[in-house]
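To convert, note that position 208 of the sequence shown is 208 in full-length UniProt numbering; the numbers rise steadily by one, no gaps. C-beta: ideal position from N, C-alpha, C; glycine also. Working notes for the structure below.
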Amino acid sequence: MLVPGHHVSDQQYLISGGADGVVKIWNLVDGKYVASCAVHSTPIVSFIEPVEQKDTRIRGCIVSVAEDNSVALISVDSMSCLFIFPGYPHPLTAIQWRTTEDYLVLGYSDDSAFVWQMQTAHLDRELYGKNMIDIMEDSRWPTNRITTSKGTFNTVQSKQIVQIKSIVSNCYASRLDKNNPSDTPESQTKRDEELMEKAIELITSLVSIITSWDINEAFEALCSQFVEPKRKVSHNISYGLKGSNGNLSIIAPVKHERDAWTISSSLSATRLLSISLLSKVILSMAGQESKSIDLITGYAMSLPLVIGKNYCFPSLSLLSKYWQDPLARSLFSSAVAGLSKDEVDSLVSYWEKFLPTASVDRNSQMIVRAAVILGIMGCDQPQTLVSPVRKSTALSLTILLSDAEMDTTDTEDNTLSTGSMSRTLSSMELLSQGFKTWEMYINATEVMRTLFMYATDSRPMMRFVISAAKTTIFQISIANMPLVISTLTIDTIQAKSLDTRLRCLKIIGTFIKKEPILLYSYIHNVIEAVVKTLDPNVPHVREAMVQPTTSILHDLVKTYPSVDFSSSAQKLAIGTLEGASVIYDIRTTTRSIVLEGHTGPVIALAFSPDAKLIATCSLFDQSVRIWHTNMSLFGMLTSSLTSASNQNKDSSGTHKPDKTFTFALPNNSLTPSDIIRQVRFDWKSPKCVKLRICDLVMSFNV
1 MLVPGHHVSD QQYLISGGAD GVVKIWNLVD GKYVASCAVH STPIVSFIEP VEQKDTRIRG
61 CIVSVAEDNS VALISVDSMS CLFIFPGYPH PLTAIQWRTT EDYLVLGYSD DSAFVWQMQT
121 AHLDRELYGK NMIDIMEDSR WPTNRITTSK GTFNTVQSKQ IVQIKSIVSN CYASRLDKNN
181 PSDTPESQTK RDEELMEKAI ELITSLVSII TSWDINEAFE ALCSQFVEPK RKVSHNISYG
241 LKGSNGNLSI IAPVKHERDA WTISSSLSAT RLLSISLLSK VILSMAGQES KSIDLITGYA
301 MSLPLVIGKN YCFPSLSLLS KYWQDPLARS LFSSAVAGLS KDEVDSLVSY WEKFLPTASV
361 DRNSQMIVRA AVILGIMGCD QPQTLVSPVR KSTALSLTIL LSDAEMDTTD TEDNTLSTGS
421 MSRTLSSMEL LSQGFKTWEM YINATEVMRT LFMYATDSRP MMRFVISAAK TTIFQISIAN
481 MPLVISTLTI DTIQAKSLDT RLRCLKIIGT FIKKEPILLY SYIHNVIEAV VKTLDPNVPH
541 VREAMVQPTT SILHDLVKTY PSVDFSSSAQ KLAIGTLEGA SVIYDIRTTT RSIVLEGHTG
601 PVIALAFSPD AKLIATCSLF DQSVRIWHTN MSLFGMLTSS LTSASNQNKD SSGTHKPDKT
661 FTFALPNNSL TPSDIIRQVR FDWKSPKCVK LRICDLVMSF NV
């Protein structure tokens, strides 16, 4: 028993633990029972109050340790279990709280330690020997030291609890190369091989037990290479579900193994997830990991045909919790596909009621669940949603998109609410995946502006949102690049806030560096907008924008062969898809000249070293043209007289090329990617320019 000394509320509580593995909370004042958490499967042997009390997640919590050395972190204030960590054959000796790094380290008597991520509750890595000692003796982190008694741990248990996620995580971790400095390469390799063999042996045993066989021939044929199917499953095998507040529900053993598929939709979903997670490891061993989604989906779709009309389809609500995992997503889609039209309509009608309205709390868990379920259906099977439901779902996703609010409960360091981050990340992914479905129902321009804001946030706590926002922008660009470009260019030129203009320039810079192909057809629009930000008639804007604009122009020139800049003349040139080349005077931010003559896209251009000439090239008309860039009266007269004798039918406009060279290529249909990487002009002297197209180099004397 334990009376916690640190918690937020003014109440005094007594914490007790029994032989049934249940933690009970009692009101110490009136002696009344308050709450309980069924968190262990073996008797509880001790309680620990964390020495870490600064972090809001830990403050007001207690740690329970069971006989099998499983550990649970329970919040006394919220009366709920926050984390459960599995048992271990050796006694727990220390708990290190690295909360600022989002880690919890559990140390054991065999000189091993397990590092857990607190936000995701995933096992990050395992440490042994000297590495473990170095970590646990680091005095910078609060640590609970635990005195153990050799006689308190009973190695013979009446129950064996198998946690699928931990087993698979350990297996994948073992496959990574994690060198231990205290080991020689030979011993390290030997130990890794032993750990891998044990993990694979455990996984194959579990797959043989939890999988129903004679369901899908293709899936089972691959698994049978490593697994011995168990057609007759022991009656001692039970399936369990973890519910709210850490409560466990254990299904009584059934007479026939296949009957377990007829009990509960939640059980069907949990069992399918376990089978898919474990079998993915086996399929990767068979060299078929790339086909794992198709094979597991085929197995799931075969189940109702074999089990019969009593088959409980997997719970979509439960599967939607893991929808970002490709396997869970495929199971979700296959479950929807297995429903009749009336069942789909009933499903949509049920969840539609929870979508946001003016009178509903926007942070409701049911709203989020409804938006995710209908959002997945709208992305994968849009025909299942009628237009009003699509509109409501799209509205829900845009509301969730703006939900990244600051959790200011910690006065020392503002952190982003985990729930808020999850909602925002989910909405981003669903909006981008089904953008063609949602676009007509949302203010797409405002959605893009919100994404731009997230993508350019500089706060460390927003790093996951920043990365997801950039990915979302790129995915939407594939669906509707004109929308993205128009929003960027209009805001770059017209936004009243300088921060908004700078934000747009950052997004443009991200496109240039990460996705230059997407921007290829819109370079002229981008340059037009960037140049206008340097308008000398608005000096305060020009002063604020000159540095980021210079960086953008540098990246454009470096990336695209159809863009060039002369620092001596302060001129910027861009070749267009229409066949014209436009030269801007950066000092006045105006077009100083438009060179028209090519009949197809200008794929490359370059100023001569003295900027008096510019060379342009088009693959469409297979020509290189040399132009004068001087726009003075004398220059225009000189250019006109010089080109008078060289006029041809291809030349148009008031400015004529000084010289025109034609060439022939065996293949002039280069992709934008080829043009960006393999086409360049190079002026060797003011009178000689070379053009490289892939492996072909041509020299022109001007």
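Of the candidates HIS598, ILE485, LEU14, the residue whose Cα lies closest to the Cα of LEU619 is HIS598.
Between SER567 and THR616, the beta carbon gap of about 20 Å keeps them out of contact (Cβ cut-off 8 Å). In this structure, ILE614 lies near ALA606, with their beta-carbon atoms less than 8 Å apart.
When rounded, the separation of the alpha-carbon atoms in SER16 and GLY5 is 15 Å. In the structure shown, ARG459 falls within a coil segment according to DSSP collapsed to helix, strand and coil. Close CB contacts of ILE263 within its chain, under the 8 Å cut and outside five residues either way in sequence, are with ILE251, VAL254, CYS312 (chain order). If only complete runs of 4 or more residues are kept, the stretch 318 to 352 shows the alpha helix (DSSP H) at 326 to 337, 341 to 352, in order along the chain.
The beta-carbon separation of ILE25 and ALA35, rounded to 5 Å, stays under the 8 Å limit for a contact. Close CB contacts of GLU528 within its chain, under the 8 Å cut and outside five residues either way in sequence, are with THR489 (chain order). Within the same chain, Cβ atoms closer than 7 Å to the Cβ of LEU534 are found at ARG542, MET545, VAL546, THR549, ILE586, THR589, the five residues on either side in sequence being excluded.
With fewer than 16 other beta carbons inside 10 angstroms of its own, ILE478 counts as exposed.
If you compare the alpha carbons of TYR454, PRO539, MET462 with that of THR472, the shortest gap goes to TYR454. For the pair VAL465 and LEU431, the CB atoms are not nearer than the 8 Å cut-off. ALA19 sits exposed, since fewer than 16 C-beta atoms from the chains shown fall within 10 Å of its C-beta. CA-CA distance, GLN96 to ILE44, rounds to 21 Å. Within its own chain, the residues whose Cβ lies closer than 6 Å to the Cβ of LEU519, once the five positions on either side in sequence are excluded, are PHE511, listed in chain order.
ILE58 and LEU295 have their alpha carbons spaced roughly 42 Å apart. Apart from sequence neighbours up to five positions away, the residues of its chain that approach ALA218 with a beta-carbon distance below 8 Å are LEU295, GLY298, ordered along the chain. When secondary structure is reduced to three states using DSSP, MET79 falls in the coil class, being assigned neither helix nor strand. Taking each of PRO609, VAL594, VAL23, ILE146 in turn and checking the Cα distance to LYS656, the smallest one comes out for VAL594. Per DSSP, reduced to three states, the secondary structure at THR510 is helical. Going by C-alpha positions, LEU305 is about 53 Å away from TYR13. Linking GLY60 to LYS54 through their CA atoms gives a straight-line distance of about 10 Å. Only residues of its own chain outside the window of five on either side were considered, and among them ILE293, THR297 have a CB closer than 6 Å to the CB of SER330, listed in chain order.
As computed with DSSP, ARG145 is found in a beta bridge with ALA94. Each residue's CA atom was taken as its position, placing ILE493 and ASP610 some 31 Å apart.
Counting along the chain, CYS61 sits inside the beta strand (DSSP E) bounded by residues 61 to 66.
Distance from MET301 to SER334 at the Cβ level is roughly 5 Å; contact confirmed, criterion being Cβ atoms closer than 8 Å. The residue among LYS496, SER685, CYS223 with its C-alpha nearest the C-alpha of SER284 is CYS223.
Within its own chain, the residues whose Cβ lies closer than 7 Å to the Cβ of PHE452, once the five positions on either side in sequence are excluded, are ARG503, CYS504, ILE507, listed in chain order.
With respect to the 8 Å criterion, ILE626 and LEU665 are not classified as neighbours on the basis of their beta carbons.
In the same chain as GLN225, and ignoring 5 residues on each side of it, the C-beta atoms closer than 7 Å to its own belong to ALA286, in chain order.
Restricting attention to ALA328, ASP403, SER402, SER75, the CA atom closest to the CA of ILE373 is found in ALA328.
With contacts defined as CB atoms closer than 8 Å, ALA94 and PHE83 fail to qualify as a contacting pair.
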